[in-house]
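Read the structure below first, then the notes.
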Amino acid sequence: MPQQQSITDVNNASNPRIFKDRVYRLTVQKSADNPSVALLYEGQFSDDNALQLVFNVEKNADSKQRISNGAVRIYNLSHTSRESLQEGMIIRLEVGYRSTGLVELINADLVSVEHEKSGPTWVTMLTVAEGHKLLTQVRLAETVSPNVPVEQTLEIIREAMPGIARGTYALPPTLASGRSGYVLSGTPRQCLDQICEAHDLQWNITRDTLTVTDRDGTYEANTSTAPLISPETGMVGSPRSLTRNQRATAKDKKAKPGIRVTSLINPQVRPAGIIRVESQMHTGFYRVAKITFEGDWRGNAWYMHIEATEIDSDITQIN
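Number 121 in UniProt numbering belongs to position 121 of the sequence shown; there are no gaps in the numbering.
In structure tokens:
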């Protein structure tokens, strides 16, 4: 089975062949409390017997709009395997290439499962969302005193979600609850939305880790490990410019201009992270606002579609 390699192996890829010979591993755990493996499926570049798998995974730097989620279709599972799949299980999808190994793309709750038969083919459709159960089924009832640092309030919310690790909280250290304090009442998702809306912050959970940044901020302070997106590392076509108005929503009138770029999948690209883009029209460092991963094991698709914004001048740029 392909072994994991370092991020450097992917970022420093100058030969397009490094992104050939795709691989995947789909692991189904019984639950977050019971990590025993219920099902395991693997696909390697030379395995004609691997199950066909199609996926679409969306990750956002700002989960006030939409939490990280995905849809996975598996073809011709056995009857026993179809019967064993149940809502509440944990779906872990790792993807990559023969030369770079597997990297986790999503580790999420199974929200729904459907089976459909078309001729001789069974198609199993899984809908998944990262942190769905903890974000929507846990309840908080906490009072936060006045002038408590926002970082401490975020920790109260995170600690109500066992299994969610603390990531980077990239926010001003002086940010606090103000004279009135807070009343945290509702689900963790509602409380995160409440605090982040009040202070113009953005939050996301990916790979079981909570990250919080200021608007259009990044979770990392320099560009030394920024994944490279270029024709040599799998860029498809040319990046397209996005104006401020094209990125803004009804609730977001402060959106920065940016780009939309498509490339072969690099699972190391993460929401609120930095990428380095090199093309004829666009070259520089960008902050990832949204990523959609699209894969078809036996088809052509093995792409990521990235929307990214210009990074602030205070980011340390290290080549």
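No residue lacks a Cβ here, since even glycine has one placed at the ideal position from N, Cα and C.
Cβ distance (whole Å) where residue i is taken to contact residue j below 8 Å
i: Y303; j: S263; result: 7 Å
i: S238; j: Q280; result: 7 Å
i: Y182; j: I195; result: 7 Å
i: R207; j: E94; result: Contact doesn't hold; Cβ gap of about 11 Å is too wide.
i: D216; j: L171; result: About 13 Å separates the two Cβ atoms, so there is no contact after all.
i: Y75; j: L39; result: With 8 Å as the limit, Y75 and L39 do not qualify as a contact, their Cβ atoms being about 14 Å apart.
i: N69; j: A129; result: 4 Å
Residue i, enclosing beta strand (DSSP E) - first and last residue
i: T209; result: 209-214
i: Q67; result: According to the sequence provided, residue 67 is Ile. The question's Gln does not apply to it. Here I67 belongs to no beta strand (DSSP E), and DSSP marks it neither H nor E.
i: A61; result: Looking at the DSSP string, A61 is not in any beta strand (DSSP E), and its letter there is neither H nor E.
i: S241; result: 235-242
i: D193; result: From DSSP, D193 is part of no beta strand (DSSP E) but of the alpha helix (DSSP H) over 188-199.
i: S118; result: 101-118
i: E220; result: Segment: none, E220 is in no beta strand (DSSP E) and carries neither H nor E.
i: Q29; result: 22-29
Counted within 10 angstroms of its Cβ, other Cβ atoms place residue i as buried (16 or more) or exposed
i: E116; result: exposed
i: A301; result: exposed
i: F45; result: exposed
i: N49; result: exposed
i: N222; result: exposed
i: Q202; result: buried
i: N147; result: exposed
i: H132; result: buried
i: G299; result: exposed
i: Q29; result: buried
Separation of residue j from residue i, as counted between CA atoms
i: N319; j: G284; result: In this prediction, N319 scores a pLDDT of 40, lower than 50, which makes its location untrustworthy; no coordinate-derived value is stated.
i: R247; j: I306; result: Confidence in R247 is poor, its pLDDT being 48 and thus under 50, which makes the residue's placement unreliable; the coordinate value appears in the next sentence. Their Cα atoms are separated by approximately 13 Å.
i: E236; j: V261; result: Per the sequence presented here, residue 236 reads as Val, with Glu not at that position. Cα-Cα distance, rounded: 8 Å.
i: E104; j: R179; result: 42 Å
i: W297; j: D47; result: 11 Å
i: T309; j: I274; result: 10 Å
i: A250; j: D200; result: Residue placement at A250 cannot be trusted, given a pLDDT of 47 that sits under 50; what the coordinates show is reported in the next sentence. Spanning the two alpha carbons is a distance of roughly 15 Å.
i: T187; j: L210; result: 15 Å
i: G234; j: V23; result: 16 Å
i: E42; j: I156; result: 38 Å
i: F55; j: T174; result: 42 Å
i: T168; j: L154; result: 11 Å
i: V111; j: K290; result: 21 Å
i: D193; j: S185; result: 12 Å
i: S224; j: T292; result: 24 Å
i: D62; j: E294; result: 20 Å
i: A141; j: P149; result: 18 Å
Element boundaries [alpha helix (DSSP H), containing residue i]
i: residue 323; result: Past the edges of the chain, shown from 1 to 319, lies residue 323, and the structure says nothing about it.
i: V150; result: 150-159
i: A82; result: Reading the sequence as shown, one finds Arg at residue 82 and not Ala. R82 -> alpha helix (DSSP H) spans 79-84.
i: L134; result: 132-137
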